[in-house]
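Visitor:
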Amino acid sequence: MKPRLYLETSIISYLAAFPSRDLIVAAHQQITHEWWAERRDQYELFVSDLVIQEARCGDPNAADRRMAIVNGLQCLSINEQVRVLAREIIRLGCLPSKAGDDAVHIALAAVHGMDYLLTWNCRHIANALTRQRITENFRRHGVIASVISTPEELPEEE
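Throughout, our numbering is defined as the position within the sequence shown, counted from one, plus 2.
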């Protein structure tokens, strides 16, 4: 059985975007393209209603490219358990109140039993402090947190 992996919107955006002139962003885009080409088949991939909503925003041509990537992927729904857990993430101070959608991504992955949450959102999701806070607070509530990772950090399945 393949590990279950939730793709947060930043992954979809990096796959669909034109190469950036910013060296760090360009490197992340390249890493994401390599991961997509070489390793995505090692996982059962999922997106969510929120990823689809976010992918549809902005420039229509870019939105079309993003939607072409998510089409055909399994979609997780935002249910009451996800909403409650996302509010708890904010209430406990794991994320700032302005990061409500990021809390929903984290809650979606956990509630739906994803092994991994893949993201380039290092400000609110894939950083050491957030990971620690989420893991500790989820454990206290009997919830297993998904492993939060960037494509660069995610090891190859052997």
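Ideal Cβ positions, reconstructed from N, Cα and C, are used throughout, including at glycine.
Give the single residue among Leu-78, Arg-23, Tyr-45 and Ile-33 whose Cα lies nearest to the Cα of Gln-55.
Guide: Here the closest residue by C-alpha is Leu-78.
Visitor: Taking its Cβ as the centre, do 16 or more other Cβ atoms sit within 10 Å of Asn-73, making it buried, or is it exposed?
Guide: So Asn-73 counts as exposed.
Visitor: Taking the straight line between their C-alpha atoms, what separation do you get for Leu-131 and Ala-109?
Guide: Near 17 Å, if we compare the C-alpha coordinates of Ala-109 and Leu-131.
Visitor: Sorted by chain position, which residues of the same chain lie with C-beta nearer than 6 Å to Gly-115's C-beta, five sequence neighbours on each side aside?
Guide: Counting only Cβ-Cβ distances below 6 Å, and skipping sequence neighbours, we find nothing.
Visitor: Check whether the Cβ atoms of Ala-147 and Ala-101 lie closer than 7 Å to each other.
Guide: Cβ distance not < 7 Å, so Ala-147 and Ala-101 don't count as in contact.
Visitor: Return yes when the Cβ of Tyr-16 is within less than 7 Å of the Cβ of Thr-34, no when it is not.
Guide: Yes; because the gap between Cβ atoms is below 7 Å, this pair is in contact.
Visitor: What number of angstroms, rounded off, separates the C-alpha of Val-84 from the C-alpha of Val-106?
Guide: Taking the straight line from one Cα to the other gives about 7 Å.
Visitor: Taking the straight line between their C-alpha atoms, what separation do you get for Arg-93 and Glu-36?
Guide: Approximately 37 Å between the Cα atoms of the pair.
Visitor: Leaving out the 5 sequence neighbours to the left and right, which residues in its chain are closer than 7 Å to His-30 when beta-carbon positions are compared?
Guide: Excluding sequence neighbours, His-30 sits near Tyr-16 and Trp-122.
Visitor: So, at 8 Å on beta carbons, what are the nonlocal neighbours of Glu-158 in its own chain, with the 5 sequence-adjacent residues on each side left out?
Guide: For Glu-158, where only same-chain residues beyond five positions count, the Cβ hits under 8 Å are Arg-41 and Gln-44.
Visitor: Who are the Cβ neighbours of Leu-75 in its own chain at under 6 Å, not counting the five residues just before and after it?
Guide: Taken in chain order, the residues that qualify are Leu-47 and Val-49.
Visitor: Of the choices Met-3, Leu-7 and Ala-88, whose alpha-carbon is the least far from that of Val-145?
Guide: Closest by alpha carbon: Ala-88.
Visitor: Taking the continuous alpha helix (DSSP H) assigned at Ser-15, which residues delimit it?
Guide: Counting along the chain, the alpha helix (DSSP H) containing Ser-15 begins and ends at 11-18.
Visitor: Among all the DSSP beta bridges, which residues are the ones paired with Val-49?
Guide: Answer by DSSP bridge pairing, in chain order: Cys-77.
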